[in-house]
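Colleague: Below are the structure tokens for one structure; questions will follow.
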Amino acid sequence: MATIAPSPAEAQRSLGLPPVVDGMPIRTLREFTADDLRRYNGLDGSPSFIGFQGKVYDVSKSFLWKEGRHEATHQAGTDLTQALVGAPHGVELLEKYPVVGVLVEKTGRGPISGKRAGA
Numbered sequence: 577m578a579t580i581a582p583s584p585a586e587a588q589r590s591l592g593l594p595p596v597v598d599g600m601p602i603r604t605l606r607e608f609t610a611d612d613l614r615r616y617n618g619l620d621g622s623p624s625f626i627g628f629q630g631k632v633y634d635v636s637k638s639f640l641w642k643e644g645r646h647e648a649t650h651q652a653g654t655d656l657t658q659a660l661v662g663a664p665h666g667v668e669l670l671e672k673y674p675v676v677g678v679l680v681e682k683t684g685r686g687p688i689s690g691k692r693a694g695a
């Protein structure tokens, strides 16, 4: 009978290690509440950060997010988990942007894990 190897995430958990997001232990990433994220809306010189499935991405360098807006539909500084469900492109496009943090209910409470902030 073949043994199934645990996923990398399961292996991390079984060793008591913090989860890893994009190669970085999650504890080293900044925690953002929905209120924190709103400050990074790309306006008045602020960076453009977006939330998606519990992660916070920095899309500031993308011409597609000029002044914090994308396709006149999405605004930086928000959790776009639900909004991107019907996006014409795959979520793999986000993988090219750096993950700068995780979305949390309240600072110090742990990641939302894909749940929409404030939901």
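Counting from 577, one number per residue, gives the positions in the sequence shown under our numbering.
Even glycine gets a Cβ: it sits at the ideal position worked out from N, Cα and C.
Remember, it's a predicted structure, so these values are computed and weren't measured experimentally.
How about alanine 680 and lysine 631: do their beta carbons lie closer than 9 Å?
Modeller: A quick correction: the sequence has valine, not alanine, at residue 680. With contacts defined by Cβ atoms closer than 9 Å, valine 680 and lysine 631 do not form a contacting pair.
Colleague: Output yes or no for whether 9 Å exceeds the beta carbon distance between glycine 644 and leucine 619.
Modeller: yes
Colleague: According to DSSP, is glycine 627 helix, strand or coil?
Modeller: Under the three-state reduction of DSSP output, glycine 627 falls in the strand class.
Colleague: Between the alpha carbons of arginine 615 and isoleucine 580, how many angstroms are there, rounded?
Modeller: 44 Å
Colleague: DSSP three-state call for aspartate 620: helix, strand or coil?
Modeller: Three-state result, aspartate 620: coil.
Colleague: Which runs of the beta strand (DSSP E), 3 residues or longer, sit entirely within the stretch 632–690?
Modeller: If one requires a minimum length of 3 residues, the beta strand (DSSP E) runs lying completely within the stretch 632–690 are 675–679, in chain order.
Colleague: Return yes when the Cβ of glycine 653 is within less than 9 Å of the Cβ of leucine 605, no when it is not.
Modeller: no
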